Amino acid sequence: MQWQCLRFDQLSTDQLYDIMKLRVDVFVVEQNCPYPELDGHDKARDVHHLVAYDNGTLMAYLRLLPAGTTYDNVSIGRVITAQAARGKGVGNTLLTQGLAYAEQLWPGQDIDIGAQSHLQSYYGRFGFEPSSDEYLEDGIPHIDMRLTKNPATA
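For the sequence shown, the positions run 48 to 201 when the working numbering is used.
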């Protein structure tokens, strides 16, 4: 697996296509959830895209967003693994890599996510704790979660 963390302007057109296709295939088609996938945050200042390729195929992706983009804190979103990569630990590696890059980009900053509710215990294994009540986003139950790195902000 080849990992890269790139700003929007560093993505090749092929990488951008692969990212958009994977996100639409899973979040829109597989989850049967029509919603505005292109939300304008992908090319916002200092947003980074973590991609993992295996033999030229995008297997995993997430985006890292600086504080103030989608949440007051740093955030991670669009966490996704291709169907062919599921059940092989790629998702765990993806999140571990994403957290490492977030620490490198924004040291010591708390990290917020908007998690699908059924993944609450999964993200909990990485230290995320609920920070909101459950809510519906595009018809899917979600919960905000936070990984607190700075106890003064807790």
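Glycine included, C-beta positions come from ideal geometry on N, C-alpha and C.
Owing to the predicted nature of the structure, the values given are computational and were not obtained by experimental measurement.
DSSP state of Arg70 mapped onto helix, strand, coil: The residue you call residue 70 lines up with position 23 of the sequence shown. In this structure, DSSP gives Arg70 a helical state, which the three-state scheme calls helix.
Candidates Glu176, Gly161 and Leu97, of which the one nearest Lys196 by Cα: What you label residue 196 is simply residue 149 of the sequence shown in a count that begins at 1. Here the closest residue by C-alpha is Glu176.
Return the CA-CA distance between Ala99 and Ser179, expressed in angstroms with no decimal places. Here residue 99 is taken as the residue at index 52 of the sequence shown, counted from 1. Here residue 179 is taken as the residue at index 132 of the sequence shown, counted from 1. Whole-angstrom Cα-Cα distance: 30 Å.
Which of the three DSSP states is assigned to Asp32 in this structure? Any question about residue 32 goes unanswered here, given that the chain covers just 48 to 201.
Glu84 versus Arg70: straight-line alpha-carbon distance, rounded: On the sequence shown, residue 84 is found 37 positions in, with the first residue counted as 1. On the sequence shown, residue 70 is found 23 positions in, with the first residue counted as 1. Their backbone Cα atoms lie some 8 Å apart in a straight line.
Identify the residues that DSSP records as bridge partners of Arg54: which are they? By one-based count along the sequence shown, residue 54 stands at place 7. In the DSSP output, where bridge partners are listed per residue, Arg54 has His95.
Determine, using beta carbons only, whether Asp159 and Asn120 come nearer to each other than 7 Å. Your numbering for residue 159 matches position 112 in the sequence shown. Your numbering for residue 120 matches position 73 in the sequence shown. Their beta carbons are under 7 Å apart, which means Asp159 touches Asn120 by this criterion.
To test your reading of the DSSP string, which unbroken alpha helix (DSSP H) runs of 4 or more residues are found completely within the segment 146-179? Annotation note: the segment 146-179 contains the following uninterrupted alpha helix (DSSP H) runs of length 4 or greater, listed N- to C-terminal: 167-171.
Reduced DSSP secondary structure (H/G/I, E/B, other) of Leu63: Position 16 of the sequence shown, counted from the start, is the residue given in the question as residue 63. In the three-state reduction of the DSSP assignment, Leu63 falls in the helix class.
Would you mind working out which of Met106, Gly171 and Leu63 sits nearest Asp89, comparing C-alpha positions? Here residue 89 corresponds to residue number 42 of the sequence shown, with the count starting at 1. Minimum Cα distance to Asp89 is reached at Leu63.
Thinking Ala162 and Met192 are a contact (beta carbons under 8 Å), I'd like their distance in whole angstroms, please. As a first step, residue 162 is located in the sequence shown; it is residue number 115 there, counting from the start. As a first step, residue 192 is located in the sequence shown; it is residue number 145 there, counting from the start. Contact between Ala162 and Met192 holds, with the beta-carbon distance rounding to 5 Å and staying under 8 Å.
So Val126 is in the beta strand (DSSP E); what residue range does that whole segment cover? On the sequence shown, residue 126 is found 79 positions in, with the first residue counted as 1. Residues Val121 to Thr128.
Taking DSSP as the reference, what is the three-state secondary structure of Glu77? Within the sequence shown, the letter at position 30 stands for residue 77. Residue state, collapsed to three classes: helix.
Run through DSSP, which three-state label would Ala132 get? Reading the sequence shown from its first residue, position 85 is the one you call residue 132. Here Ala132 sits in helix by DSSP.
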